[in-house]
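Trainee: Each residue of the sequence shown is one higher than the one before, counting from 111 in the working numbering. My questions all concern the structure below.
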Amino acid sequence: MAETTQAVEEKAEEQQDQQSGAGQEDSKAQVQSVEFSEADENKTTGPGASIDFLLDMGIPVTVAIGRTEVPIQQLLQLSPGSVLKLDKPIDAPADLYLKDTRFATGNVVVVEGRFAIRIKEIIATGPAASANEQ
111 MAETTQAVEE KAEEQQDQQS GAGQEDSKAQ VQSVEFSEAD ENKTTGPGAS IDFLLDMGIP
171 VTVAIGRTEV PIQQLLQLSP GSVLKLDKPI DAPADLYLKD TRFATGNVVV VEGRFAIRIK
231 EIIATGPAAS ANEQ
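And the structure:
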């Protein structure tokens with residue numbers, strides 16, 4: 111039992127020595143001075159900066175004309191020609207989303223042989239919308 115206690119004490123001393131050695135190595139770290147270039151006073155940054163480059167960025171918009179839930183068994187039985195009944199009537203507006211946020215509603219139309227959306231309403235979201243509602 112005394113041997114076990116002595117072994118534990120020796121191991122604790124070794125760990126302390128290793129930690130103090132690591133602390134000494136950290137205190138010997140090399141310090142270097144750094145020179146920074148001067149900022150150009152003519153360049154605009156911050157709130158007054160031009161964000162025109164953002165105007166050309168494309169943002170994916172998702173249009174949802176309806177939703178439905180089907181059991182997996184029914185999903186596995188679908189084939190070409192199968193019909194899924196959606197939860198919205200045909201005259202209900204479609205929902206437009208940016209990521210997962212609904213921002214507008216619109217009606218589905220056809221333009222030059224392609225589906226399109228005619229915006230019916232822009233939905234205000236966020237803190238500004240909450241302030242307007244009060």
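No residue lacks a Cβ here, since even glycine has one placed at the ideal position from N, Cα and C.
1. Do you know whose CA, among Tyr207, Leu194 and Asp201, lies nearest Ile233's CA?
2. What residues are listed by DSSP as bridge partners for Leu188?
3. Note the first and the last residue of the continuous beta strand (DSSP E) segment covering Ala139.
4. Compute the Euclidean distance between the alpha carbons of Asp201 and Ala149, then round it to the nearest angstrom.
5. Are Asp205 and Val173 close, meaning C-beta to C-beta below 9 Å?
6. Whole angstroms are fine: how far does the CA of Lys195 sit from the CA of Thr178?
Mentor: Looking at the coordinates:
1. Cα-wise, what sits closest to Ile233 is Tyr207.
2. Beta-bridge analysis with DSSP links Leu188 to no other residue.
3. Counted as a single uninterrupted DSSP element, the stretch harbouring Ala139 is not any beta strand (DSSP E), since DSSP gives it neither H nor E.
4. Taking the straight line joining both Cα atoms gives about 59 Å.
5. Yes, the pair counts as a contact, with Cβ atoms nearer than the cut-off.
6. Pairing Thr178 with Lys195, the inter-Cα distance amounts to about 7 Å.
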